[in-house]
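For what it's worth, our numbering labels the leading residue of the sequence shown as 2, then goes sequentially.
Heads up, the beta-carbon is just placed ideally off N, CA and C, and yes, glycines get one too.
What follows is a set of notes on a single structure, which appears directly below.
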Amino acid sequence: MDALQLVALVAASAAIAGLARRTPVPAPLLLVAVGLAAAYVPGVPDYTLDPHIVLPLILPPLLYTAAVDSSYLDLRANIRPVALLSVGYVLFATVAVGWLAYVLVPDLPLTAALVLGAVVAPPDAVAATAIARKLGLPNRITTILQGESLVNDATAITAYKVALAAAVGEGISWAGGLGEFALAAVGGIGVGLVLMVPIHWLRRGLGDSLLQNTLSLLIPFVAYAAAEEVHASGVLAVVVVGLFLGHRNWQVDFATRLQEEAVWKMVAFVLESSVFALIGLQLPFVVRGLGQYGIGEAVWYAIGVFVAVVVVRFVWVYPATFLPRLSARIRDREPEVDWRAPLVVGWAGMRGVVSLAIAFSIPVVTDGIEFPARNLVLFLTFTTVIGTLVVQGLTLPPLIRFLKLPGKDAYAETLAEAQAQSEASRAAEERLDELLADERNALPKPLADRLRTVLERRRNAVWERLGAVNEVTGETADDTYRRLSREMIDAEREVFVRLRDARRIDDEMMRTLLRRLDLEEAAAYREESAG
Numbered sequence: 002m003d004a005l006q007l008v009a010l011v012a013a014s015a016a017i018a019g020l021a022r023r024t025p026v027p028a029p030l031l032l033v034a035v036g037l038a039a040a041y042v043p044g045v046p047d048y049t050l051d052p053h054i055v056l057p058l059i060l061p062p063l064l065y066t067a068a069v070d071s072s073y074l075d076l077r078a079n080i081r082p083v084a085l086l087s088v089g090y091v092l093f094a095t096v097a098v099g100w101l102a103y104v105l106v107p108d109l110p111l112t113a114a115l116v117l118g119a120v121v122a123p124p125d126a127v128a129a130t131a132i133a134r135k136l137g138l139p140n141r142i143t144t145i146l147q148g149e150s151l152v153n154d155a156t157a158i159t160a161y162k163v164a165l166a167a168a169v170g171e172g173i174s175w176a177g178g179l180g181e182f183a184l185a186a187v188g189g190i191g192v193g194l195v196l197m198v199p200i201h202w203l204r205r206g207l208g209d210s211l212l213q214n215t216l217s218l219l220i221p222f223v224a225y226a227a228a229e230e231v232h233a234s235g236v237l238a239v240v241v242v243g244l245f246l247g248h249r250n251w252q253v254d255f256a257t258r259l260q261e262e263a264v265w266k267m268v269a270f271v272l273e274s275s276v277f278a279l280i281g282l283q284l285p286f287v288v289r290g291l292g293q294y295g296i297g298e299a300v301w302y303a304i305g306v307f308v309a310v311v312v313v314r315f316v317w318v319y320p321a322t323f324l325p326r327l328s329a330r331i332r333d334r335e336p337e338v339d340w341r342a343p344l345v346v347g348w349a350g351m352r353g354v355v356s357l358a359i360a361f362s363i364p365v366v367t368d369g370i371e372f373p374a375r376n377l378v379l380f381l382t383f384t385t386v387i388g389t390l391v392v393q394g395l396t397l398p399p400l401i402r403f404l405k406l407p408g409k410d411a412y413a414e415t416l417a418e419a420q421a422q423s424e425a426s427r428a429a430e431e432r433l434d435e436l437l438a439d440e441r442n443a444l445p446k447p448l449a450d451r452l453r454t455v456l457e458r459r460r461n462a463v464w465e466r467l468g469a470v471n472e473v474t475g476e477t478a479d480d481t482y483r484r485l486s487r488e489m490i491d492a493e494r495e496v497f498v499r500l501r502d503a504r505r506i507d508d509e510m511m512r513t514l515l516r517r518l519d520l521e522e523a524a525a526y527r528e529e530s531a532g
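This is the structure in structure tokens:
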């Protein structure tokens, strides 16, 4: 792939993802569909998925941004269901799907079938969590899906390595496989634990938001490479570091947080868009590689594997949800669960780019031994990824709406936010009184009153969202305040530009003045978005 092809891929993917925001179709599904169609358009180059790029260069930043945005406390509170899905289910799916594929496909060796099972075992929850948030699913389901996607790739990659060693005759035993899995897991977590504190210390000590954000872009690659260098799980290392830094993010300065959020949103948007487009673009490559298998025969095998993947997830999810609840201790500690929640979790098992990247990394020949049925495994992986994304992805939103799961309680959340803001404002007011009592902090009364006014507005803003609205506009008092504030800022901005054009101020001064307005508008916009 040359530079022009890469630019074309990123630009087209971003445009399609932007278009998806104006439609009810989730962006990953539209990107895959367009990729499938574009694969056979004359003049579109071949985009072959390179596992040497996806695993070390694309997977770490996607995992890192997901981990930073995740709640460590929520994940810790749901560690049992997350572990059952991200470790237990992946291992179960590896064996169950592998055995079913072995029974279904004639002449497919069991070892190769187990490789296929490991490859298609890990769900990619990017699309599922996006749908869950958009439709307002309960926080616990969203947390479980996020937690599963953070860890299951590590389980699947390790299971794949063990199955691949058996497939090419390296004679690995079950005990050896479990030992390698334990080493990868413990090693990856250990590397993450070793790196997280020094990285956080360096991040805080740099004292420059540009340097801090440069470091932020390097963190996932450093963590992944360090763990892989000692044959540990780079995925787990990235997740551990990301969870720690996200939990401690409040300790860096505001400029770094603002820049970092914008930078990582852009990075995640570009990578996710490009990755889902790449999935669709692989169709000609995997079809050409079928070789001895006819397309009709391979399609029947693909349908069988797809059904196996879907059924096996439900076979695991329902018992894993309800059997542990036979324990009174678990029932007391965890909220009630009915049949609808595991149905959503089970149906949200869409596969993604990690499965394809692992499949593409299967060597043709290892130490003179050819991997059996490699092209068929690659085709079955591709069709499973496409099938789950299209079938489950398109039907998940109507399923969630049909089940009428209790969503977030907006009133309760706003009330909790208002109470938290009141406590924080009270502490800030007490601190302000202490500071103003010191003659070294003497301020003219108008400026001191301004500090109190800003504090009072922040305290009242959330409460006003719970109160009455303007009968004419439907706005709360705080909504009107923000709207008028932004209108005033627009008026100031126009004056600054007019003065620059009249050469009464230079461009540097205008940029300084506009930045102040931008920060004020950003604060108003962030409050409005949070509301």
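Residue nearest to residue i in terms of C-alpha spacing, selected from the options
i      : options                           : result
Ala269 : Pro61, Leu115 and Gln147          : Pro61
Phe182 : Ala13, His232, Leu520 and Pro139  : His232
Ala263 : Gln293, Asn214 and Val242         : Asn214
Tyr103 : Leu381, Thr396 and Leu56          : Leu381
Leu101 : Arg458, Gly89, Ala114 and Gly148  : Ala114
Gln6   : Arg330, Val45, Ala97 and Ile304   : Val45
Pro29  : Arg505, Ser274 and Glu229         : Ser274
Leu31  : Tyr41, Ser14 and Leu196           : Ser14
Ile370 : Val223, Leu212 and Ala168         : Ala168
Val88  : Ala67, Leu151 and Tyr73           : Leu151
Leu92  : Leu456, Ala438, Ala503 and Arg314 : Arg314
Ile363 : Val355, Arg352 and Leu379         : Leu379
Arg258 : Leu404, Ala443, Gln422 and Arg204 : Arg204
Leu64  : Phe497, Arg249 and Gln147         : Gln147
Leu1   : Arg504, Asp502 and Val498         : This structure does not reach residue 1, given that the chain is present from 2 up to 532, and the question cannot be answered.
Tyr41  : Val106, Pro57 and Phe286          : Phe286
Distance, residue j Cα to residue i Cα
i      : j      : result
Leu406 : Gly206 : 46 angstroms
Ala374 : Val338 : 43 angstroms
Gly532 : Asp491 : Bear in mind that the predicted position of Gly532 carries a pLDDT of just 44, short of 50, making it unreliable; the figure below should be weighed with that in mind. Rounded to the nearest angstrom, the two C-alpha atoms are 22 angstroms apart.
Gly235 : Gly189 : 6 angstroms
Asp108 : Ile200 : 51 angstroms
Ala122 : Arg453 : 56 angstroms
Phe252 : Gly208 : Position check: residue 252 holds Gln in this sequence, whereas Phe was assumed. If you take the alpha carbons of Gln252 and Gly208, they lie about 12 angstroms apart.
Leu518 : Ala524 : 10 angstroms
Ile54  : Leu433 : 53 angstroms
Gly295 : Val288 : 10 angstroms
Ile359 : Glu521 : 47 angstroms
Val392 : Val98  : 19 angstroms
Ala478 : Arg487 : 14 angstroms
Ser530 : Thr481 : Legend: pLDDT at Ser530 = 48, less than 50; position of this residue unreliable, value from coordinates given subsequently. Going by the C-alpha atoms only, they are around 14 angstroms apart.
Met1   : Gly193 : Not covered by the structure: residue 1. The range shown for the chain is 2 to 532.
Glu149 : Pro124 : 8 angstroms
Leu485 : Glu493 : 12 angstroms
Ala4   : Leu448 : 55 angstroms
Val239 : Pro221 : 6 angstroms
Asp51  : Phe361 : 7 angstroms
Ala185 : Asp154 : 12 angstroms
Val1   : Thr396 : Residue 1 lies beyond the residue range present for the chain, which begins at 2 and ends at 532; the question has no answer from this structure.
Ala226 : Ile158 : 15 angstroms
Val276 : Ile59  : 9 angstroms
Val444 : Arg504 : Checking the displayed sequence, the identity of residue 444 turns out to be Leu instead of Val. In a straight line, the C-alpha of Leu444 is about 35 angstroms away from that of Arg504.
Ala438 : Ala428 : 16 angstroms
Leu436 : Glu430 : 10 angstroms
Residues bridged to residue i (per DSSP)
i     : result
Ile17 : Per DSSP, none; premise fails for Ile17.
Cutoff 8 angstroms: residue i Cβ touching any chain D Cβ
i     : result
Val69 : Absent from the structure is chain D; it holds one protein chain and no more.
List in chain order: all unbroken alpha helix (DSSP H) runs of 4+ residues lying wholly within the segment 77-159. Listed in chain order, the alpha helix (DSSP H) runs fully inside the segment 77-159 are 80-84, 91-105, 111-120 and 127-135, counting runs of at least 4 residues.
Counting only runs that start and end within the segment 175-205, where is the alpha helix (DSSP H) found for 4 or more residues in a row? Listed in chain order, nothing qualifies, since the segment 175-205 has no complete alpha helix (DSSP H) run of 4 or more residues.
Pair every Cβ in the segment 70-89 with every Cβ in the segment 318-336, then say whether three or more of these pairs are closer than 8 angstroms. They touch, by the three-pair rule.
If you pair each beta-carbon of the segment 101-120 with each one of the segment 149-169, do three or more pairs fall below 8 angstroms? Between the segment 101-120 and the segment 149-169, the count of Cβ pairs shorter than 8 angstroms is three or higher; the stretches touch.
Can you give, in chain order, each stretch of the alpha helix (DSSP H) that sits fully within the segment 223-258 and has at least 4 residues? List check, alpha helix (DSSP H) in window: 235-248.
Does the structure place the segment 36-43 close enough to the segment 282-296 that three or more beta carbon pairs sit under 8 angstroms? Yes, the segment 282-296 is in contact with the segment 36-43.
The segment 341-350 contacting the segment 14-26, beta-carbon criterion three pairs below 8 angstroms: No: fewer than three Cβ pairs fall under 8 angstroms.
Are three or more beta carbon pairs between the segment 415-430 and the segment 382-389 nearer than 8 angstroms? Below 8 angstroms, too few C-beta pairs join the segment 415-430 and the segment 382-389 to call them touching: fewer than three.
Enumerated in chain order, which unbroken segments of the alpha helix (DSSP H) with a length of 4 residues or greater are wholly contained in the segment 298-353? The alpha helix (DSSP H) runs of length 4 or more contained entirely in the segment 298-353 are, from start to end of the chain, 329-334 and 341-348.
Quick one: complete alpha helix (DSSP H) runs, 4+ long, within the segment 386-416? Here the runs fully enclosed are 394-404.
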